[in-house]
Amino acid sequence: MLEAIILTVITAATPLLLAAIGELVVEKSGVLNLGVEGMMVMGAVAGFAVTVSTGSPLLGIVGGAVAGVLVSLIFAFVTLTLVANQVASGLALTLFGLGLSGLMGESFVGQPGIKLQSLDIPGVTSLPFVGKILFGQDILVYLSFAAVFAVSWFLNRTRAGLILRAVGDNHSSAHALGYSVIGVRYLAVIFGGAMAGLGGAYLSVAYTPLWVENMTAGRGWIALALVVFASWLPWRAVIGAYLFGAVTVLQLHTQALGIGFPSQFLAMLPYLATVIVLVAISGNRRATLFNTPSSLGKPFVPDR
Amino acid sequence: MGEGSGDSTGEMLRRVGGDTPLLEVRHVTKRFGSFTANDNVSLKIMPGEIHALLGENGAGKSTLVKIIYGSLQPNSGEIFWKGKAVTVASPAEARAIGVGMVFQHFSLFEAMTVAENIALALPNCRATRELCETIARVSANYGLPLDPNAHVADLSVGERQRVEIVRCLLQNPELIIMDEPTSVLTPQEADQLFVTLRRLAEEGCAILYISHRLEEVRALCHHATIMRRARVVAETDPANETVNTLAQLMVGNEITRVTREKGKLGPEAILLKGLTQVSQEAFGVSLHDINLSVRSGEIVAIAGIAGNGQKELFDALSGEEPLDKEDMVILAGEAAGLMNINQRRLLGAAFVPEERLGHGAVPALKLSENVVLTRHGTGEGIARRGFTRFGKAGRIVETVTSLFDVRKGVVDPEARSLSGGNLQKFVVGREVERTPKILIVAQPTWGVDAGAAAVIRQSLIDLSRKGAAILVISQDLDEIFEIADRIAVISRGHLSKAEDADTLTPEKVGLLMAGGAEKKGAAAA
Amino acid sequence: MMRLELVKRPQKSRLMSVLSPIVAVALTVVFAGIVFAAQGHSPFTGIWYFFLEPITSLWGVEQLITKATPLVIIALGLSVCYLSNNWNIGAEGQLTIGAIVGSILPILFPDFVSPVVLPLMLLMAMAGGALFALIPAKLKTVFGTNEILTSLMLVYCSNLFLDWMVRGPWRSPQGYNFPITIDFHEWAVLSAVDVGGIYLNLSAPIALLLVAILAVVMRSTLKGFEIRVLGQSPRAGSFAGFSNRRMTAFAFALSGALAGLAGMMVVMSEIGKLQPVISPGYGFTAIIVAFLGRLNPVGILIAGLVIASSYLGGEAIQTSLQMSSKLATVIQGVLLFFVLAADTLILYKVRLVPGREGERAHA
Chain C
803 MLEAIILTVI
813 TAATPLLLAA
823 IGELVVEKSG
833 VLNLGVEGMM
843 VMGAVAGFAV
853 TVSTGSPLLG
863 IVGGAVAGVL
873 VSLIFAFVTL
883 TLVANQVASG
893 LALTLFGLGL
903 SGLMGESFVG
913 QPGIKLQSLD
923 IPGVTSLPFV
933 GKILFGQDIL
943 VYLSFAAVFA
953 VSWFLNRTRA
963 GLILRAVGDN
973 HSSAHALGYS
983 VIGVRYLAVI
993 FGGAMAGLGG
1003 AYLSVAYTPL
1013 WVENMTAGRG
1023 WIALALVVFA
1033 SWLPWRAVIG
1043 AYLFGAVTVL
1053 QLHTQALGIG
1063 FPSQFLAMLP
1073 YLATVIVLVA
1083 ISGNRRATLF
1093 NTPSSLGKPF
1103 VPDR
Chain B
990 MGEGSGDSTG
1000 EMLRRVGGDT
1010 PLLEVRHVTK
1020 RFGSFTANDN
1030 VSLKIMPGEI
1040 HALLGENGAG
1050 KSTLVKIIYG
1060 SLQPNSGEIF
1070 WKGKAVTVAS
1080 PAEARAIGVG
1090 MVFQHFSLFE
1100 AMTVAENIAL
1110 ALPNCRATRE
1120 LCETIARVSA
1130 NYGLPLDPNA
1140 HVADLSVGER
1150 QRVEIVRCLL
1160 QNPELIIMDE
1170 PTSVLTPQEA
1180 DQLFVTLRRL
1190 AEEGCAILYI
1200 SHRLEEVRAL
1210 CHHATIMRRA
1220 RVVAETDPAN
1230 ETVNTLAQLM
1240 VGNEITRVTR
1250 EKGKLGPEAI
1260 LLKGLTQVSQ
1270 EAFGVSLHDI
1280 NLSVRSGEIV
1290 AIAGIAGNGQ
1300 KELFDALSGE
1310 EPLDKEDMVI
1320 LAGEAAGLMN
1330 INQRRLLGAA
1340 FVPEERLGHG
1350 AVPALKLSEN
1360 VVLTRHGTGE
1370 GIARRGFTRF
1380 GKAGRIVETV
1390 TSLFDVRKGV
1400 VDPEARSLSG
1410 GNLQKFVVGR
1420 EVERTPKILI
1430 VAQPTWGVDA
1440 GAAAVIRQSL
1450 IDLSRKGAAI
1460 LVISQDLDEI
1470 FEIADRIAVI
1480 SRGHLSKAED
1490 ADTLTPEKVG
1500 LLMAGGAEKK
1510 GAAAA
Chain W
104 MMRLELVKRP
114 QKSRLMSVLS
124 PIVAVALTVV
134 FAGIVFAAQG
144 HSPFTGIWYF
154 FLEPITSLWG
164 VEQLITKATP
174 LVIIALGLSV
184 CYLSNNWNIG
194 AEGQLTIGAI
204 VGSILPILFP
214 DFVSPVVLPL
224 MLLMAMAGGA
234 LFALIPAKLK
244 TVFGTNEILT
254 SLMLVYCSNL
264 FLDWMVRGPW
274 RSPQGYNFPI
284 TIDFHEWAVL
294 SAVDVGGIYL
304 NLSAPIALLL
314 VAILAVVMRS
324 TLKGFEIRVL
334 GQSPRAGSFA
344 GFSNRRMTAF
354 AFALSGALAG
364 LAGMMVVMSE
374 IGKLQPVISP
384 GYGFTAIIVA
394 FLGRLNPVGI
404 LIAGLVIASS
414 YLGGEAIQTS
424 LQMSSKLATV
434 IQGVLLFFVL
444 AADTLILYKV
454 RLVPGREGER
464 AHA
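Residue numbers (the working numbering), protein chains in the order written: chain C, 803 to 1106; chain B, 990 to 1514; chain W, 104 to 466.
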């Protein structure tokens, strides 16, 4: 029973973690991309479409990432090159992504997909309890942890990461030192798009190998909340994502137990939990101050 | 870090000698749209020379410096480095050939450590332990001690400047550009900086020193280039000039001197009694038991280094930050501590904050709308029954612009389109035109040209002599000694006793600014 | 390599303020034409069916007004939020809760049949929407919680709540187990009257009235001034004696009330009862309407009609060209992007210049 619960928590947490870690990098560079939901849903539809048409879930995952990158580029162009309002443009990206994915996915509704294979090491994966949990996951689960590790290392230990944080902390100073604020931000937004695309593809290729319209169901927004919850620290995003995964699973299992509690209220749990977590985290503003990128959401135009 | 990380500082600074100018700028012109910021500007700097670049705000100094540092590209003209023509395409290239810069508005990253800040300016360098050691050693060597692991947000203004200078030194520069370095320092800190600069010059490093403080230029610099209205108007040895002749060169014939006679003192109009407030902001300054009285007809100035509680004091006086007790602030005889800003305005008080754009005025709103901003609640009928009367506000704009000579292109422009000096004249004039009984003004002439500064200072003196009580919060000691009748000093939220300006000297005030004001009942005498 | 360079204008360009939404619409039409061509249709036929054909009939105009009305009402409220820098994106949820609260009367008190029921329902819907909108507002002012995320999360909650209501406590005993409530009585619905061949109900004139009121408020009242000042510069706003906290509450309450009103009127005129889904996403589409109308009341009126026509256009291309009606949502999203991008022209001049080495990252 516990093993089953942990396994479902992992599948529920992985798409959130993938999208959140991407958005974390985007926000560290000083850009607020509220279009995570739109990029995720595009990743989901593209991931499903590529998987079905090529027969390869791995190619599907790549397709999802590419779709995320492509739509994130629209956002980057509008907000970075044309300095449009980031909040409004992020909303536009979400609405656009939901619309376009619905259109692209129309012919896939009801089609069976192909599920991404999980790791299976003979003798190891079959170990009791830990075997399946540690060695029986699909590639995206491992990738999500690799991404957390890589992003954490990148931000704190590399020069490029230092520059990215500098751009997010004070874009005028970074520009004065000769760094390309816009260039760094483009790269960050593209990375965020790829990760959100992967998160979306996870839903339609690994979580439930199906395409359903709006199948992200607000996960992109929860990923955004996770970044705030994590106060821009990669490892805290893991805790957040697994906490939310647990809430989702709790909801499913309680429903299955049939405790006469209306299912709608259980379905509200992840959303209510997001609100509660956001309130709880905002009480501790002094502690998060050093991690909050000061230029977040502010437009940058170099003077010439 | 790159080359020379383990070397001693003496070896780190590469030197050239001889008669070849280190840097020569020839006939540089830079235009922004129809506005010419640099018009055929030429400049020559020798190795080991401390070279002053003098000029009013808006004379084109910053543009020239940005061109030398690669932040801007000229429309025409050439730059020679050690006799060879070069194109400085970016600040990184400037640093690579040996030009370093210490910015006026620091280009530091608050959330990062000193070491990370410095690493960002060095090629291919991360904030390693090695770098930390180098920083500690070099900074101590030049009398600029720094903790490499401290966060910049926790540093004082003087310490932040040290970060900028050390950052610059570690790039092995042969030319250091310093943009108004002493504007944020106490006189004592400035003296310490001059020692460092002279030592650098002796080691052969040239310094391009931008300032409008003529006394220090005379004391420090070997040569001066003077700019006015985008052109170079004179070259001179500042030691052979007086402050007056330098000023003459800088502003041409436009100097207007402020005149001040003793005013007739009336009753106490501003009274602060034990004003105490704990700051709620992350890096804010708490105010401790502040006592002060300002009588009608006098100007009292509060001196102090930036970030010592000036902002918090202004907000407490204006009512933007609510106080605990109503008698901590008494305006025109009324306990006003719990009043909001408009209730205080109704008592006859007016306020001019430090930040022109974004606090004193909304950048994208027209001047008439910015009149409504501060005068809708003063009972003058600019807002009536919930409706605004922009026509009436427009007439006030006309009065203010003619009284204060505000230059504007169109009848009612957006605030952001005005130059700093003109907007400041407008923001001060908007309040002075009301002839308030009480005026509280922060940094009345910060970053404005001498002409505008003179107009503003004179208007403050005239207003006080008409019977207003004026409190000026300023970092500019020259300004304070020019207009204030009495002077108090704020330091880390403590305020010294206000002393008669005639009995004080800048040195005494400097000591109070550096922390003397925190002693109980401190005074300079 | 060429790249775009922005040069700040000294003043906002008045010409571009007018021109930018027109440019955006024109670009969107071009985009739609390309999509039609890519799908093997003549771009002109496609554009005709999508943008113009729907409003050539009286019935089309009636549909246009019916669809535009809730969009305009909600967008008016959202514009006050966005102008004052309060990012309420939960209008869909406020619409839902408003409609539920307003429906208490006809569902729980079906015997209370009186002309006062109608205005009472509208008022209760407004109160419900406003109170629900005050949740994210209060969380923002008291705890500093991001209102974008909280207001959106509450949309999911409110939709689930409605679902539970119509399947649970409020399910009609005569509904053959369908998830619907009982039908509203005659004073709980808005009936349409014939106006020159077009059947209209009270909601369209209410929308027009609200446009006029908000236009006056924004143009010449202190409240409108306060909204603009606090949105552009909170610090200057508090220097003027305005309160950011009160403005946040006001803007959220107003937009929540208007969303609740719109939701109630949709239910009262088009459905006549509650069911699991009462809005085709009016609360989200109104965000596009608010921006397309450049947050200006009259602009929002026009934008509401434009966006409503795209819904009809979606249906038209489905029947005439056998294309997916979902194209309409894509075109709405593209339009919003073009609007945001074209707004750059108001504050900046855009130039195409050769790429420069110094601008590129050297890291």
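Using N, Cα and C, we set each Cβ at its ideal position, and we do this for glycine too.
Of the listed residues the options, nearest to residue i (C-alpha basis)
i: residue 1433 of chain B; options: B:1309, B:1221, B:1062, B:1292; result: B:1292
i: residue 1116 of chain B; options: B:1126, B:1130, B:1101, B:1349; result: B:1101
i: residue 1310 of chain B; options: B:1295, B:1322, B:1294, B:1333; result: B:1333
i: residue 976 of chain C; options: B:1132, B:1092, B:1237; result: B:1092
i: residue 1140 of chain B; options: B:1405, B:1403, B:1106; result: B:1106
i: residue 131 of chain W; options: W:447, W:451, W:431, W:456; result: W:431
i: residue 973 of chain C; options: C:991, C:1010, C:1102, C:845; result: C:1102
i: residue 1039 of chain B; options: B:1425, B:1164, B:1385, B:1180; result: B:1164
As assigned by DSSP and simplified to three states, the class of residue i
i: residue 1168 of chain B; result: strand
i: residue 295 of chain W; result: coil
i: residue 147 of chain W; result: helix
i: residue 460 of chain W; result: Annotation note: pLDDT 41 at residue 460 of chain W (below 50); position unreliable, no value reported.
i: residue 916 of chain C; result: coil
i: residue 1470 of chain B; result: helix
i: residue 426 of chain W; result: coil
i: residue 1115 of chain B; result: coil
i: residue 1269 of chain B; result: coil
i: residue 153 of chain W; result: helix
Backbone CA spacing between residue i and residue j [nearest angstrom]
i: residue 425 of chain W; j: residue 908 of chain C; result: 13 Å
i: residue 992 of chain B; j: residue 1113 of chain B; result: Only weak support is given to the placement of residue 992 of chain B: the predicted model assigns it a pLDDT of 38, under 50, and the value that follows is read from those uncertain coordinates. Those two C-alpha atoms are separated by around 10 Å.
i: residue 1258 of chain B; j: residue 1290 of chain B; result: 15 Å
i: residue 1030 of chain C; j: residue 1036 of chain C; result: 11 Å
i: residue 921 of chain C; j: residue 927 of chain C; result: 8 Å
i: residue 267 of chain W; j: residue 261 of chain W; result: 10 Å
i: residue 356 of chain W; j: residue 326 of chain W; result: 15 Å
i: residue 1380 of chain B; j: residue 194 of chain W; result: 37 Å
i: residue 1493 of chain B; j: residue 1323 of chain B; result: 32 Å
i: residue 996 of chain C; j: residue 950 of chain C; result: 14 Å
i: residue 1227 of chain B; j: residue 1235 of chain B; result: 8 Å
i: residue 999 of chain B; j: residue 1185 of chain B; result: Residue placement at residue 999 of chain B is flagged as unreliable, the pLDDT there being 34, under the threshold of 50; a coordinate-derived value is accordingly withheld.
i: residue 808 of chain C; j: residue 817 of chain C; result: 15 Å
i: residue 411 of chain W; j: residue 429 of chain W; result: 14 Å
One or two residues paired with residue i in a DSSP bridge
i: residue 1043 of chain B; result: B:1200, B:1215
i: residue 1143 of chain B; result: BP columns for residue 1143 of chain B are empty, so no partner.
i: residue 1521 of chain B; result: Outside the modelled stretch of chain B, which goes from 990 to 1514, sits residue 1521 of chain B, for which no answer is possible.
i: residue 1346 of chain B; result: B:1350
Contact test: residue i Cβ vs the ligand NAD heavy atom, cutoff 6 Å
i: residue 412 of chain W; result: This structure simply doesn't include the ligand NAD, nor any ligand for that matter.
Does the count of Cβ pairs from the region 150-168 of chain W and the region 845-863 of chain C closer than 8 Å reach three?
-> Counting Cβ pairs under 8 Å, fewer than three are found: no touch.
Evaluate the contact criterion for the region 1480-1489 of chain B versus the region 1274-1287 of chain B: three or more CB pairs, one atom per stretch, below 8 Å.
-> Touching, per the Cβ criterion.
Does the count of Cβ pairs from the region 877-895 of chain C and the region 933-941 of chain C closer than 8 Å reach three?
-> The way I'd put it, the region 877-895 of chain C doesn't touch the region 933-941 of chain C; fewer than three beta-carbon pairs between them come closer than 8 Å.
For the region 1033-1053 of chain B against the region 1192-1206 of chain B, are there 3 or more C-beta pairs whose distance is under 8 Å?
-> By the C-beta criterion, the region 1033-1053 of chain B is judged to be in contact with the region 1192-1206 of chain B, since at least 3 inter-stretch pairs fall below 8 Å.
Is there contact here, the region 431-446 of chain W with the region 111-127 of chain W, by at least three beta-carbon pairs under 8 Å?
-> Three or more beta-carbon pairs drawn from the region 431-446 of chain W and the region 111-127 of chain W are found closer than 8 Å, and the two stretches are therefore classed as touching.
Count the CB pairs spanning the region 392-407 of chain W and the region 855-873 of chain C that are closer than 8 Å, and state whether there are at least three.
-> No: fewer than three Cβ pairs fall under 8 Å.
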